[in-house]
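Participant: In the working numbering, the protein residues as written are 161 to 598.
Idealized CB from N, CA, C, for every residue including glycine.
A quick note: this is a predicted structure, and the numbers were derived from the prediction, not measured.
Right, here's the structure in full:
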């Protein structure tokens, strides 16, 4: 600026004196003035700053990976069966309910207790009934076993007696026949013959009696055996019934203590200590528990991007409540039915089974990055190096000390890099504006 001022002042002084000089002198002065004007112009343009690149740095065009992705908003929702109602199967007064909404409980954690005095008494009664059966039946069975053993002995004795009676009867019959032959030959007396044959008749009657005795012994043995079998069956049946009643009493007693069916988060409580619940067709509800492993991320995909989304694609997301936490998973389902919000058509992609799901809660908003494809070894530049003007992308290309605006054709881009399709080669130098902290 000072040079311009001095030059203007000098020009003014020279011009004033010029009016009073002769023609030759005027020519000389005119030439000198023209020289000053040219020098001043050169000085001005030399001092005039060109496009300011002092806050730029240089980068090279390199090759590397670019992750093609789609960003979308979603919401955490419970999956089918994720939230379960916990109820009571027995009636009574609630004597304890140690949990509260928001508690994370492990499987088996006590949710509530119902007064179990009557159930304890019922358990004692059924236990006594089983003990009595187990004590009395074996004694009766042992008695019947002895009766069976005795009857078997009697049956064996009766069989032996029958054999002996039959042998005696056969001998007596033979003697009777022999005496008859002797009598016909007058070798014996009539009296002796009658005595022998009468004895044979008596022996034959003894055989019939022995047969009846054996038959009765067999019947007695069979009856004793049937009685034993019947008693044994009764023992088995009554013992099974008593055990079933005891198990039922134990189960009903267990029902008085309501426990968490799985690891989860208490989302709702409907009763309190001191209330009386009545079990019926619909079990009284104590609480609701959410299985954090069964929640899903429903991602709302714009209709313009849904064609790119496929099952199995990787998803990275976070939520407003935990901005530093990154959750990873895959898309497992895409709903075919669209959902319209504010005149915009969306399709829902469902993501399940992601890690650290216990940190999330239903209705949390999710910010999702769906990985479409990883493009390997492509020509790329940092996003900040690529500019847009008049409908075209360009870069500040540096070759030696010369900096020019160079139009480029771009491809895909991620949050860090932009793909260069045409206009640059690997190793080219490009200017990138530096970011200054304020």
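How is residue 313 classed by DSSP in three states: helix, strand or coil?
Facilitator: helix
Participant: Give me the Cα-Cα distance between residue 567 and residue 500, rounded to the nearest whole angstrom.
Facilitator: 40 Å
Participant: On the premise that residue 234 lies in contact with residue 426, defined as a C-beta separation below 8 Å, what is that separation, rounded to the nearest angstrom?
Facilitator: 25 Å between Cβ atoms; not a contact.
Participant: DSSP state of residue 372, grouped into three classes?
Facilitator: Looking at residue 372 - three-state DSSP - the assignment turns out to be helix.
Participant: Indicate the three-state DSSP secondary structure (helix, strand or coil) for residue 269 in the structure shown.
Facilitator: In the three-state reduction of the DSSP assignment, residue 269 falls in the coil class, being assigned neither a helical nor a strand state.
Participant: Decide if the stretch 387–397 is in contact with the stretch 216–225; the criterion is three or more beta carbon pairs, one per stretch, under 8 Å apart.
Facilitator: no
Participant: From what residue to what residue does the beta strand (DSSP E) around residue 577 run?
Facilitator: 577–582
Participant: Quickly, what does DSSP pair residue 528 with across the bridge? List them, please.
Facilitator: 232, 477
Participant: Quick check on residue 561: buried or exposed, where buried means 16 or more other Cβ atoms within 10 Å of its Cβ?
Facilitator: exposed
Participant: I need the boundaries of the beta strand (DSSP E) containing residue 519, first residue and last residue.
Facilitator: No beta strand (DSSP E) holds residue 519; DSSP gives it neither H nor E.
Participant: Can at least three beta-carbon pairs, one atom from the stretch 270–289 and one from the stretch 400–420, be found at a separation below 8 Å?
Facilitator: The stretch 270–289 makes contact with the stretch 400–420, as at least three CB pairs between them are under 8 Å.
Participant: So does the stretch 449–460 actually touch the stretch 522–530, counting three or more Cβ pairs closer than 8 Å?
Facilitator: Under the 8 Å Cβ criterion, the stretch 449–460 counts as touching the stretch 522–530, having at least three qualifying pairs.
Participant: Work out the CA separation of residue 476 and residue 556 for me, nearest whole Å.
Facilitator: 34 Å
Participant: Between which two residues does the beta strand (DSSP E) holding residue 546 run?
Facilitator: No residue range can be given for residue 546, since it is assigned to no beta strand (DSSP E) and is classified by DSSP as neither H nor E.
Participant: Quick check on residue 404: does DSSP put it in helix, strand or coil?
Facilitator: The answer is helix: DSSP assigns residue 404 an H, G or I state.
Participant: Report buried or exposed for residue 504, applying the criterion of at least 16 other Cβ atoms within 10 angstroms of its Cβ.
Facilitator: exposed
Participant: Counting pairs of Cβ atoms below 8 Å between the stretch 405–413 and the stretch 274–286, do you hit three or more?
Facilitator: yes
Participant: Anyone know if the C-beta pair for residue 304 and residue 388 falls short of 7 Å?
Facilitator: yes
Participant: Can you name the residues that DSSP bridges to residue 565?
Facilitator: 556
Participant: I believe residue 517 touches residue 449 by the beta-carbon criterion, under 8 Å. Please report the beta-carbon distance rounded to the nearest angstrom.
Facilitator: Wrong, their Cβ atoms sit about 15 Å apart, outside the cutoff.
Participant: Measure the C-alpha to C-alpha separation of residue 327 and residue 316 and round it to an integer number of angstroms.
Facilitator: 17 Å
Participant: Compute the Euclidean distance between the alpha carbons of residue 296 and residue 306, then round it to the nearest angstrom.
Facilitator: Rounded to whole angstroms, residue 296 and residue 306 show a C-alpha spacing of 16 Å.
Participant: Using only CA atoms, which one of 245, 249, 376, 274 lies nearest to residue 258?
Facilitator: Residue 258 has its Cα closest to that of 274, out of 245, 249, 376, 274.
Participant: Is it true that the CB of residue 360 sits closer than 7 Å to the CB of residue 336?
Facilitator: yes
Participant: So, for residue 265: in the same chain, excluding its five sequence neighbours on each side, which residues have a beta-carbon less than 8 Å away from its beta-carbon?
Facilitator: 259, 271, 420, 423, 424, 425, 426, 449
Participant: Considering only C-alpha positions, which residue in the set 369, 437, 402, 382 is nearest to residue 603?
Facilitator: Because residue 603 is not part of the residues shown, which for the chain are 161 to 598, the question remains open.
Participant: Take residue 331 and list the residues in its own chain whose beta-carbon comes closer than 8 Å to its own, dropping the five residues that flank it on each side.
Facilitator: 363
Participant: Please classify residue 489 as buried or exposed, where buried requires at least 16 other C-beta atoms within 10 Å of its C-beta.
Facilitator: buried
Participant: At which residues does the beta strand (DSSP E) containing residue 484 begin and terminate?
Facilitator: 482–494
Participant: Less than 8 Å between the CB atoms is what I'm expecting for residue 524 and residue 492, so what's the real figure, rounded?
Facilitator: In this structure residue 524 is not in contact with residue 492, their Cβ atoms being roughly 19 Å apart against a cut-off of 8 Å.
Participant: Rounded to the nearest angstrom, how far is the Cβ of residue 229 from that of residue 439, given a contact under 8 Å?
Facilitator: Not really, about 54 Å apart at Cβ, beyond 8 Å.
Participant: Can you tell me whether residue 482 is buried or exposed? The criterion is at least 16 other CB atoms within 10 Å of its CB, across all chains shown.
Facilitator: Exposed, because fewer than 16 other Cβ atoms sit within 10 Å of the Cβ of residue 482.
Participant: Within 10 angstroms of the Cβ of residue 397, are there 16 or more other Cβ atoms? Answer buried if so, exposed if not.
Facilitator: exposed
Participant: Applying the 10 Å Cβ sphere with the 16-neighbour rule, what's the burial state of residue 579?
Facilitator: Residue 579 comes out buried.
Participant: Quick one: grab the DSSP three-state call for residue 605.
Facilitator: Shown here, the chain extends from 161 to 598; a query on residue 605 therefore has no answer.
Participant: What do you reckon, are the CB atoms on residue 466 and residue 507 nearer than 7 Å?
Facilitator: Contact flag set, yes.
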